[in-house]
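> Dropping the structure in here first, questions after.
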Amino acid sequence: MRFDAPYLYSQLKPVDFRILTAIENEMRTHEWVSVESIAPYVNASTERIAHRLKHLRKWKVVEYARLSYEGYRLFYTGYDLLALNALVKRGSIDAVGGQVGFGKESDVFVVLKGDERRILKLHRAGLSFKGVRRTRRYIAERHHLSWVYASRLAAQREFDALRRLYPEVSVPEPIDHNRHAILMELFDGLSLSECTLEQPMECFEEVWHNIEQAYALGVVHADLSEYNILASPQGVCIIDWPQWVEVGSEGADELLERDIGNVCAHFTRKYALKLDPRELLDRLQMR
1 MRFDAPYLYS
11 QLKPVDFRIL
21 TAIENEMRTH
31 EWVSVESIAP
41 YVNASTERIA
51 HRLKHLRKWK
61 VVEYARLSYE
71 GYRLFYTGYD
81 LLALNALVKR
91 GSIDAVGGQV
101 GFGKESDVFV
111 VLKGDERRIL
121 KLHRAGLSFK
131 GVRRTRRYIA
141 ERHHLSWVYA
151 SRLAAQREFD
161 ALRRLYPEVS
171 VPEPIDHNRH
181 AILMELFDGL
191 SLSECTLEQP
201 MECFEEVWHN
211 IEQAYALGVV
221 HADLSEYNIL
231 ASPQGVCIID
241 WPQWVEVGSE
251 GADELLERDI
261 GNVCAHFTRK
271 YALKLDPREL
281 LDRLQMR
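In UniProt numbering, the protein residues as written are 1 to 287.
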């Protein structure tokens, strides 16, 4: 049986979403949430709640522990379902298609709004995520919430970056976001690591133009490589912005230098282009 959120969404009842919301709220102050703590949110008997929790456990939506009481907390899938439900209720999503990407930091699905295909990105950030350093002490005091807050912060940061950059920079148009989920425009292309370009210099110049535009808007990607630059006959699109930093902030120059070095190294290695990352960096910073 499948246990991903888009499939399970159709299996859940309204009472299940109320239970998940109750657990989410109670997890702010409790590592494990009792059935009795859930009941006031749900308007259902404890017997009814316990019955639905058995299904949620079977589907790996919630985690269970037998303590001095029976305790529950969300798995990632439960958090996914809450975000997905919010986006559906807002009218941002009509249907969910297949998964098109996955990894340690995010899962990516194609979704539909009418006839329009969109991308739903569910963040999977951990405490190693650079953007949560300033909140790490708060998170560290709530170990059971670390992945919740880190993922939510990663999504918020990426959504903020996309809104700041679009449309001056070739990034997906940001549409909506909730919790750790971002809904954005679908760009139908392949990463530079997956494709062979007929006009590599033309593509590099377009990528470079977008680096310049982002810099002019005060943004450094901070994790740029051939894996998060997409190319198609229509142009390029730069994705994966949760680790962005402000131009002029601590470490920004080093991260910009690394971004430029990564891009130049790819085009030099794969297409033998003669590029000088140091010269490009100096030229950019002199603007």
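Where a beta carbon is used, it is the ideal one built from N, C-alpha and C, also for glycine.
Considering only residues of the segment 52-89, which uninterrupted beta strand (DSSP E) runs meet the minimum length of 3 residues and lie entirely inside it, listed in chain order?
Fully enclosed beta strand (DSSP E) runs of 3 or longer: 62-66, 70-74.
> Alpha carbon to alpha carbon, what distance is there between Glu-63 and Ile-23?
Cα to Cα, Ile-23 sits roughly 11 Å from Glu-63.
> To the nearest angstrom, how far is it from the Cα of Ile-38 to the Cα of Trp-244?
Approximately 38 Å between the Cα atoms of the pair.
> What is the residue span of the alpha helix (DSSP H) that Pro-277 lies within?
Unbroken alpha helix (DSSP H) run through Pro-277: 277-285.
> Whole angstroms is fine: what's the gap from Pro-167's alpha carbon to Arg-57's?
Using only the alpha carbons, I get a separation of about 43 Å.
> For Gln-29, count neighbouring C-beta atoms within 10 Å of its own C-beta (all shown protein chains included) and say buried if the count is 16 or more, exposed if not.
Position check: residue 29 holds Thr in this sequence, whereas Gln was assumed. The residue in question, Thr-29, is exposed, as its Cβ has fewer than 16 Cβ neighbours within 10 Å.
> Under the assumption that Val-207 contacts Val-171 (Cβ atoms under 8 Å), give the Cβ distance between them as a whole number of angstroms.
Going by Cβ atoms, the distance from Val-207 to Val-171 rounds to 12 Å, so no, they are not a contact pair.
> Count the other CB atoms, across all protein chains shown, that sit within 10 Å of the CB of Leu-20; report buried if there are 16 or more and exposed otherwise.
Buried, since its Cβ has 16 or more Cβ neighbours within 10 Å.
> With residue 292 as the anchor, note down where its alpha helix (DSSP H) starts and where it stops.
Here the chain comprises residues numbered 1 to 287, so residue 292 is not present and cannot be evaluated.
> Just how far apart, CA to CA, sit Leu-122 and Ala-154?
Distance between the alpha carbons of Leu-122 and Ala-154 is about 10 Å.
> Among Ile-119, Leu-82, Val-111, Asn-210, which one has its Cα closest to the Cα of Ala-95?
Out of Ile-119, Leu-82, Val-111, Asn-210, Val-111 has the C-alpha closest to the C-alpha of Ala-95.
> Given this structure, state the Cα-to-Cα distance separating Ile-211 from Tyr-69, to the nearest angstrom.
So the two alpha carbons sit approximately 54 Å from each other.
> If I measure Cβ to Cβ from Gly-131 and keep anything under 7 Å in the same chain, skipping five residues before and after, which residues do I get?
Bear in mind that the predicted position of Gly-131 carries a pLDDT of just 46, short of 50, making it too unreliable to give a figure here.
> Going by DSSP in three states, Val-108 sits in which element: helix, strand or coil?
Strand at Val-108.
> The alpha helix (DSSP H) that contains Ser-232, what's its start and end?
Unbroken run through Ser-232 is the beta strand (DSSP E), 229-232; no alpha helix (DSSP H).
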